[in-house]
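Trainee: After the structure tokens below, expect a handful of questions from me.
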Amino acid sequence: MNHLKIDTELLISAIESKNCIWDIACDEYKNRDIKNAAFMEVAAVVVHEFDRLSEKEKHETVLLITDTRFDADEAGQENQNNQVVDLSESDADVDVEGSIKESQLRQNFTRTKRKKIDTLDNKLIAFLEEATKSDQDDHKAFLTSLLPTL
């Protein structure tokens, strides 16, 4: 059902006119039935000959419009891109794969993942190393202070 041609500005203005679709402060925003009816009205305004569609097609159209990933501009582009192009026989005989070198097809990419250097980890390691050195120095100082008494 991606063959819809929808005017984006008309879609935006139709949705803006229905507060229950987008306004969180509106009491009707939480009512799913009211929102579905509002989307049906938006689809009737935006989609050409919406009334002539079957119930299943109407439902699919409303689902398509309510889908957050739907892009009205892309829907029109897909329709244009899916059209069959008539090729002449001279164009069909051209060897496209032969023009691409084998080495271009099989390039090996070795990806190396950079190690993440965490400054907190480095600081913690440095602190612990200094702490162990200072502990050793304290013990050494204590023992050296005991030597004269022995």
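Residue numbers 1 to 150, in UniProt numbering, belong to the letters of the sequence shown in order. For each residue, glycine too, the CB sits at the ideal point set by N, CA and C.
1) Would you please state the rounded distance, in angstroms, between the beta carbons of leucine 4 and valine 47? I believe it to be under 8 Å.
2) Report the rounded CA-to-CA distance for arginine 52 versus threonine 61, giving the unit in angstroms.
3) For lysine 58 versus valine 42, is the C-beta spacing smaller than 8 Å?
4) What separation, rounded to the nearest whole angstrom, lies between the Cα atoms of cysteine 26 and serine 13?
5) Output the distance between the C-alpha atoms of lysine 56 and lysine 30, rounded to the nearest integer angstrom.
6) Could you check if alanine 38 is buried or exposed, using at least 16 other CB atoms within 10 Å of its CB as the buried criterion?
7) Alpha carbon to alpha carbon, how far is threonine 132 from proline 148?
8) Could you spell out where the alpha helix (DSSP H) holding threonine 66 opens and where it closes?
9) Assuming the contact rule is C-beta atoms closer than 8 Å, cysteine 20 and isoleucine 6 should be a hit. Round their C-beta distance to whole Å, please.
10) Rounded to a whole number of angstroms, what is the C-alpha to C-alpha distance between threonine 144 and glutamate 130?
11) Histidine 48 by DSSP, collapsed to three states: which one?
12) What would DSSP say about lysine 30, mapped onto helix, strand or coil?
Mentor: Once the coordinates are examined:
1) 6 Å
2) 12 Å
3) no
4) 18 Å
5) 25 Å
6) buried
7) 26 Å
8) 55–66
9) Not confirmed; about 21 Å, so no contact.
10) 21 Å
11) coil
12) helix
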